[in-house]
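Read the structure below first, then the notes.
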Amino acid sequence: MTRLVITGLGATTPIGGDVPTLWENALAGTPGAKTLEHEWVEKYELPVTFAAEVAVEPSEVLARPETRRMDRSTQLGMVAARQAWADAGLEETEVDGERLAVSFATGIGGVWTLLDGWDTLREKGPRRVMPMTVPMLMPNGAAGAISLELGAKAGARTAVSACASGVESLDLAIELLRSGEADVVMAGGTEGAIHPFTLAAFSSMQALSKRNDDPAAASRPYDVDRDGFVMGEGAGALVIETEEHAKARGARIYAELAGSGVTSDAHHITAPDPDALGATRALRKALEAAGAAPEDVTHVNAHATSTPVGDKPEFGAMKAAFGDHLENVCVSATKSQTGHLLGAAGAVESVLTVKALQERKAPVTINLDNQDPEMPLNVVTGTPRELSSGDQMAVCNSFGFGGHNAVAAFRTY
1 MTRLVITGLG
11 ATTPIGGDVP
21 TLWENALAGT
31 PGAKTLEHEW
41 VEKYELPVTF
51 AAEVAVEPSE
61 VLARPETRRM
71 DRSTQLGMVA
81 ARQAWADAGL
91 EETEVDGERL
101 AVSFATGIGG
111 VWTLLDGWDT
121 LREKGPRRVM
131 PMTVPMLMPN
141 GAAGAISLEL
151 GAKAGARTAV
161 SACASGVESL
171 DLAIELLRSG
181 EADVVMAGGT
191 EGAIHPFTLA
201 AFSSMQALSK
211 RNDDPAAASR
221 PYDVDRDGFV
231 MGEGAGALVI
241 ETEEHAKARG
251 ARIYAELAGS
261 GVTSDAHHIT
271 APDPDALGAT
281 RALRKALEAA
291 GAAPEDVTHV
301 NAHATSTPVG
311 DKPEFGAMKA
321 AFGDHLENVC
331 VSATKSQTGH
341 LLGAAGAVES
351 VLTVKALQER
361 KAPVTINLDN
371 QDPEMPLNVV
381 TGTPRELSSG
391 DQMAVCNSFG
401 FGGHNAVAAF
411 RTY
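Numbering (full-length UniProt numbering), first residue to last: 1 to 413.
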């Protein structure tokens with residue numbers, strides 16, 4: 001089977017505008033949630049007044065003509081993709097465009113463009129609606145823009161599977177590479193949807209934490225007092241190559257992308273299957289694809305959104321997949337720091353999982369003051385957990401509305 005390796009990483013998140021800063025803060029336990037300072041919070045009397053916005057605005061990185069042609073979600077994706085491309089050393093390398101593909105995901109897409117355009121139509125009429133509105137709002141906007149940027153002609157795919165989208169982009173990348181359609185794939189996920197409408201909508205369905213008085217402590221996966229997730233934004237990107245292609249150009253290799261598993265619950269449009277049958281199958285499929293046993297896994301970057309109904313099924317899936325070995329697996333719930341980046345979550349958390357294998361350290365989970373006894377996990381708190389030497393296997397879990405389950409398995413290289 002063709003081995004696949006990760007040679008470039010990029011990210012822009014609430015706790016760091018690049019991968020080195022993200023990693024440093026993830027080890028330190030840095031909260032990214034803050035009170036929102038936009039006038040629309042008070043104007044619309046939003047019940048949730050905080051979120052986890054990116055630490056570095058895309059306008060600080062991208063040229064103004066670019067930002068005018070891109071929705072916020074595409075801007076964030078472009079920032080992360082450019083970082084990953086440069087990190088892979090591909091800026092100075094000739095890559096055959098017909099062997100280069102893009103797999104870039106989102107959960108919502110260009111919500112700012114859509115709703116701003118609706119306001120323009122209502123207030124100023126149809127002649128004032130921007131000609132670029134459709135390409136800016138479409139969910140595949142980031143994948144299209146990145147493929148144009150890189151000259152990728154082997155396909156530009158977009159997984160739109162709610163909060164499983166980021167990891168599903170890796171599953172699509174594996175398909176492109178192992179089928180022989182591409183030698184290099186720019187994979188990842190992006191989301192820029194902290195908008196008054198989306199905050200109101202998620203709040204209406206009781207999905208968000210309402211700890212307005214203490215945003216930094218609001219995201220608390222596995223804690224008995226968890227009351228919902230913290231909405232975040234950002235993007236993560238990974239350059240994935242066949243081992244043969246990476247070695248031929250002398251690339252630095254972070255880790256191996258060993259396998260993935262994707263399933264669906266067919267249970268409920270928003271609630272996860274309480275028996276976690278689909279999530280369990282996704283975990284088992286990822287391990288099988290990686291040629292690994294449950295006992296090979298030493299680290300999990302968990303989906304762990306901090307919702308009362310979401311954390312328990314994920315625990316159930318891990319218990320079913322790993323059995324008694326679960327007590328030996330160190331679990332990081334990094335949404336406690338970054339907030340929930342929706343369609344970008346799995347991509348950013350995959351970046352963190354790869355860094356954990358490279359640096360042999362598992363990042364910390366914050367705000368776990370009173371762990372739910374119904375989820376007796378080996379959660380990393382306080383200080384980063386050292387991973388032992390030798391071959392290591394880690395997985396990244398992502399689950400989303402619609403019953404989407406996606407798991408990526410990584411191995412040290």
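All residues carry an ideal CB built from backbone N, CA and C; glycine is no exception.
8 angstroms Cβ cutoff met for residue 255 and residue 411: Yes, these two residues count as a Cβ contact at 8 angstroms.
If we call anything under 8 angstroms between Cβ atoms a contact, is residue 156 one with residue 7? Cβ distance not < 8 angstroms, so residue 156 and residue 7 don't count as in contact.
Using 8 angstroms as the threshold, is the C-beta distance between residue 238 and residue 9 below it? In terms of Cβ geometry, residue 238 and residue 9 form a close pair [threshold 8 angstroms].
Following the continuous beta strand (DSSP E) through residue 301, name the residue where it begins and the one where it ends. Boundaries of the beta strand (DSSP E) harbouring residue 301: 297-301, taken from the DSSP string.
Using beta-carbon positions only, say whether residue 298 and residue 335 come within less than 8 angstroms of one another. The answer is no: Cβ separation not under 8 angstroms.
With DSSP as the reference, label residue 50 as helix, strand or coil. If DSSP states are grouped into helix, strand and coil, residue 50 belongs with the strands.
For residue 333, collect the residues of the same chain with a Cβ closer than 7 angstroms to its Cβ; drop the 5 residues on either side in sequence, then sort them by chain order. Residues 221, 222, 302, 304, 365, 379 of the same chain have their beta carbon placed closer than 7 angstroms to that of residue 333, with the five preceding and five following residues left out of the count.
Residue range of the unbroken alpha helix (DSSP H) whose run includes residue 287: Here the alpha helix (DSSP H) through residue 287 covers 277-290.
Report the partner residues of residue 12 according to the DSSP bridge assignment. Beta-bridge pairing links residue 12 to 235.
Given this structure, state the Cα-to-Cα distance separating residue 405 from residue 115, to the nearest angstrom. The alpha-carbon atoms of residue 405 and residue 115 are separated by roughly 29 angstroms.
Can you have a look at residue 148 and say buried or exposed, based on whether 16 or more other CB atoms are within 10 angstroms of its CB? Taking all protein chains shown into account, residue 148 has fewer than 16 neighbouring C-beta atoms within 10 Å of its C-beta and is therefore exposed.
Sub-8 angstroms separation of residue 110 and residue 73 beta-carbons: Contact: yes.
Which residue comes first and which comes last in the alpha helix (DSSP H) that contains residue 244? DSSP places residue 244 in the uninterrupted alpha helix (DSSP H) bounded by 243-248.
Comparing alpha-carbon positions, which option in 249, 272, 322 lies nearest residue 284? For residue 284, the closest alpha carbon among the candidates 249, 272, 322 is that of 322.
Pick from 331, 180, 347 that is closest to residue 385, judged by C-alpha positions: That would be 331, whose Cα lies nearest to the Cα of residue 385.
In three-state DSSP terms, what is residue 148? The answer is helix: DSSP assigns residue 148 an H, G or I state.
Unbroken beta strand (DSSP E) run spanning residue 191, endpoints: Residue 191 -> beta strand (DSSP E) spans 184-191.
Cα-Cα separation, residue 15 to residue 25: Cα-Cα distance, rounded: 6 angstroms.
Taking 8 angstroms as the threshold, find out whether the segment 199-212 comes into contact with the segment 345-365 through three or more Cβ pairs. Contact check between the segment 199-212 and the segment 345-365: fewer than three CB pairs, one atom from each, fall below 8 angstroms, which does not count as touching.
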